[in-house]
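Here's the structure we're looking at; comments come further down.
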Amino acid sequence: MTLTKSKFIQSLSCRNKLHFNLQGHKSTKEENKFLEELASGGFQVEALARTAFQNGQFVGNLHADNIAEIIRQRKSGEVLELFEPAFVSSGCSSKVDIFIVNDQGIHIKEVKAKSFDPTVSEWLGKKNPTALNSKYAEVLMDLAFQTDIISRLYPSVNVTSSFIMADKLKVATRDGMNQMFETDGGRILTQVSEELAWDLLTDFDVSDIVRRILAEELTYQKETFSFYLSHAKEVTKDIFPNFPPRQTACKNCEFRSSGTDSPHLICFHEFFDINSYDGEPTILDIGNNRNTSHFDRGKLLLEDIDENPYEEPIKGKLLSRKNRQWLQFDMATNRQASPVYFDQEMFRRISGEWEWPLNLIDFETSAVAIPFYKGQHPYDNVAFQFSHHILYKDGSIEHAGQFLNTTPGEFPNFQFARELIESLSRNSGTVFRFATHENTIITHIIGQLQDSDIEDKVDLINGLLPIVNGNKLEYESSLTGTRDMVDLLKVAESCYYSESLGGSYSMKKLLPAVFQSEFIKEKYQNQIGDINVSSFNFPKNWKWYKDGQDPYKLLPTYEVEDLRLDSNTEINNGGLALAMYGKLQFTDLNKKAREKIRTGLLRYCELDTLAMAMVIEYFKNL
Numbered sequence: 029m030t031l032t033k034s035k036f037i038q039s040l041s042c043r044n045k046l047h048f049n050l051q052g053h054k055s056t057k058e059e060n061k062f063l064e065e066l067a068s069g070g071f072q073v074e075a076l077a078r079t080a081f082q083n084g085q086f087v088g089n090l091h092a093d094n095i096a097e098i099i100r101q102r103k104s105g106e107v108l109e110l111f112e113p114a115f116v117s118s119g120c121s122s123k124v125d126i127f128i129v130n131d132q133g134i135h136i137k138e139v140k141a142k143s144f145d146p147t148v149s150e151w152l153g154k155k156n157p158t159a160l161n162s163k164y165a166e167v168l169m170d171l172a173f174q175t176d177i178i179s180r181l182y183p184s185v186n187v188t189s190s191f192i193m194a195d196k197l198k199v200a201t202r203d204g205m206n207q208m209f210e211t212d213g214g215r216i217l218t219q220v221s222e223e224l225a226w227d228l229l230t231d232f233d234v235s236d237i238v239r240r241i242l243a244e245e246l247t248y249q250k251e252t253f254s255f256y257l258s259h260a261k262e263v264t265k266d267i268f269p270n271f272p273p274r275q276t277a278c279k280n281c282e283f284r285s286s287g288t289d290s291p292h293l294i295c296f297h298e299f300f301d302i303n304s305y306d307g308e309p310t311i312l313d314i315g316n317n318r319n320t321s322h323f324d325r326g327k328l329l330l331e332d333i334d335e336n337p338y339e340e341p342i343k344g345k346l347l348s349r350k351n352r353q354w355l356q357f358d359m360a361t362n363r364q365a366s367p368v369y370f371d372q373e374m375f376r377r378i379s380g381e382w383e384w385p386l387n388l389i390d391f392e393t394s395a396v397a398i399p400f401y402k403g404q405h406p407y408d409n410v411a412f413q414f415s416h417h418i419l420y421k422d423g424s425i426e427h428a429g430q431f432l433n434t435t436p437g438e439f440p441n442f443q444f445a446r447e448l449i450e451s452l453s454r455n456s457g458t459v460f461r462f463a464t465h466e467n468t469i470i471t472h473i474i475g476q477l478q479d480s481d482i483e484d485k486v487d488l489i490n491g492l493l494p495i496v497n498g499n500k501l502e503y504e505s506s507l508t509g510t511r512d513m514v515d516l517l518k519v520a521e522s523c524y525y526s527e528s529l530g531g532s533y534s535m536k537k538l539l540p541a542v543f544q545s546e547f548i549k550e551k552y553q554n555q556i557g558d559i560n561v562s563s564f565n566f567p568k569n570w571k572w573y574k575d576g577q578d579p580y581k582l583l584p585t586y587e588v589e590d591l592r593l594d595s596n597t598e599i600n601n602g603g604l605a606l607a608m609y610g611k612l613q614f615t616d617l618n619k620k621a622r623e624k625i626r627t628g629l630l631r632y633c634e635l636d637t638l639a640m641a642m643v644i645e646y647f648k649n650l
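Counting along the sequence shown from 1, when you hit position 226 you're at 254 in the working numbering, and nothing is skipped either side.
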């Protein structure tokens, strides 16, 4: 086996993962990584970085021997700039993003779609200066791997190593920079000057850090680079490495699955003496579990743990993290009769403070490496969409407002604020969000308004402040608005748990749990026009309960070949929504594709706020 840098990085957390990879087991990580790159504009960063090297040659399709010959033929005084050259040495291989050879030596430049503050050194641990900061450890080990190969091939040449990253302190100098690059392939659409890259990016030299990694002066998870390298080389397709398990690595393993063909069964058999596994609940499934004692003692299956190790809830008291874990443990092991826990007294106490009608809002935002608009920093938040539902006391639900910016190059945040304020001004009822995102975005927009010179900035700030919840602002140490948004996620966590949640309170888990209710099923098996549910984006004959399916799975599927995705897909998750908004910023996107994206985004966001209404209805009728 030739050890590539991607395989090396995969082996850092667990060498068993590399073994499963070599055996051809499906990983969830690669699929998620593509979507993340697409949403954040990661593919664009590499294309932007290449513009800084006008004489660069793409050689990624050439054999390593051909690359070596090109380097050998370089003349004195000549600067050689290569994109994605391949190198092989001592059983290791790697492609280098940007490879430069001049009379001073060899310069390895790794392009990363991360943001970095050059005024703050974050490479090393704060408590242990001989350990790599976990935030950047893998990318540093990645660069060390490349540098090690090059140094072995050219032992007499000075080798420097650096990252090209988005600089948090820089701002876009023009509108529409993202439109110069395709998001998925890194193809440059427009001829641009070499200065363009350095408008946003910075070359961070980490040669000394890499040198210290290779000299074994710095460690990652208490082990040296050579330790990881030698052990990764030993991994084969046919021989199980028997790498000792760690709860954190196992819990987040991209190869976890149920069934007799699960690669995890091998690990479970070796370390926990489990000979068959078909998805039985394990200690790894317990939500937000920080206690590793059972795992470390070889207790994996919940049924093998004699006593519930968590804290039993008390009616009338807010559920704590350990209370929720107790409920999950008991339900998963069939030690509690009911698959649903609900503290009616606590819910009545919480909901007694609400003012009807209830306003439910959800935002979709984008934060990309290459900003859409002049004056933005890399990864600044862009609020491009919201949905607003009103839930009335009689059970009727109105889709009261929505906003979606589809105009390329148009900064939407302030118009977003105007329309949100207008929509919420229809009544004085309590405003709800789900988790913290909406609160963060509103605070961010207030900060942008403060720095702006638009005529109505004072009115907009005053319109947003009432719904802010306990955020620190520049001119206030802490502020809670008069309509102080209620976090529905915290409401659910405080008084409710269902076996079907599996330890997670995400809306994608919570809504299917809600639809196990006979009340909800009975209501939403009817056409929305017959149950006093209005909609901007769905017909009156639409039904949200069909054959027990997750409502998010009922969202229409769209042909998206012209959007450069691999197959038919539905806009039914936040990552894809961000990616699709990025597509809308391209002026050359055809009208048909643009309308498909628009429709999909509107329907997805509408369901997000309708789902919040369904959750409240469900709790009221439990």
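All C-beta atoms, glycine included, are put in the ideal place defined by N, C-alpha and C.
Reducing DSSP to helix, strand and coil, say where F271 ends up.
coil
Taking the straight line between their C-alpha atoms, what separation do you get for N565 and P579?
15 Å
Would you call the CB atoms of A114 and I95 closer than 8 Å?
yes
Cβ shell of Y182 (< 8 Å), same chain only, five flanking positions each side left out:
I134
Should the stretch 386-396 be called in touch with the stretch 546-563, which here means at least 3 C-beta pairs below 8 Å?
no
Cβ neighbour criterion (16 or more within 10 Å) applied to Q476
buried
Start-to-end residues for the beta strand (DSSP E) that takes in L541
A small correction: the amino acid at residue 541 is Ala; Leu does not occupy that position in the sequence shown. Counting along the chain, A541 falls outside any beta strand (DSSP E), though it belongs to the alpha helix (DSSP H) covering 535-542.
To the nearest whole angstrom, what separates the beta carbons of F431 and F444, a pair I think is in contact under 8 Å?
6 Å
P309 versus T56: straight-line alpha-carbon distance, rounded
20 Å
DSSP beta-bridge partners for T434?
Paired residue(s): none; T434 is not in a bridge.
Of all the options Q555, I425, I474, Y525, which has the alpha carbon lying nearest to the alpha carbon of M640?
I425
Given this structure, state the Cα-to-Cα distance separating L171 from E150, to the nearest angstrom.
16 Å
Boundaries (first-last residue) of the alpha helix (DSSP H) holding R461
Not the alpha helix (DSSP H): R461 falls in the beta strand (DSSP E), residues 459-461.
Looking at the structure shown, is A80 part of a helix, part of a strand, or coil, going by DSSP?
coil
What residue range is occupied by the uninterrupted alpha helix (DSSP H) comprising D358?
349-360
What residues are listed by DSSP as bridge partners for D306?
Bridge partners of D306: none, in fact.
According to DSSP, is F36 part of a helix, a strand, or is it coil?
helix
If P385 and N441 are in contact, beta carbons under 8 Å, what's the gap, nearest whole angstrom?
Not confirmed; about 27 Å, so no contact.
On the DSSP letters alone, give me the boundaries of the alpha helix (DSSP H) that Q555 sits inside.
Careful: Q555 lies outside any alpha helix (DSSP H) and carries neither H nor E.
Let's see if you can read the secondary structure: which residues bound the alpha helix (DSSP H) around Y632?
619-648
For the stretch 288-300 against the stretch 242-254, do three or more pairs of beta-carbon atoms, one drawn from each stretch, fall closer than 8 Å, so that the two count as touching?
no
Under the assumption that V199 contacts Q404 (Cβ atoms under 8 Å), give the Cβ distance between them as a whole number of angstroms.
6 Å
As assigned by DSSP and simplified to three states, the class of M513
coil
What are the start and end residues of the beta strand (DSSP E) that includes D390?
386-394
So what does DSSP say about T276, is it helix, strand or coil?
helix
Can you tell me where the beta strand (DSSP E) with A243 in it begins and where it stops?
From DSSP, A243 is part of no beta strand (DSSP E); its letter is neither H nor E.
Can at least three beta-carbon pairs, one atom from the stretch 331-351 and one from the stretch 307-321, be found at a separation below 8 Å?
yes
Unbroken alpha helix (DSSP H) run spanning K261, endpoints
253-262
What's the call for D481, buried or exposed, on a 16-neighbour Cβ count within 10 Å?
exposed
Who are the near neighbours of V167 in its chain, counting only those whose CB is closer than 8 Å to its CB and skipping five residues on each side?
E138, K140, K142, F191
Taking its Cβ as the centre, do 16 or more other Cβ atoms sit within 10 Å of I128, making it buried, or is it exposed?
buried
On the premise that T175 lies in contact with V187, defined as a C-beta separation below 8 Å, what is that separation, rounded to the nearest angstrom?
6 Å
Just how far apart, CA to CA, sit A1 and H417?
This structure cannot settle anything about residue 1, because the visible part of the chain is limited to 29 through 650.
Among R239, K350, L293, S532, which one has its Cα closest to the Cα of L329?
L293
Buried or exposed (CB count within 10 angstroms, at least 16 for buried), T458:
buried
Enumerate in chain order the residues of its own chain whose CB-to-CB distance from E447 is below 6 Å, with the five nearest sequence positions on each side excluded.
F431
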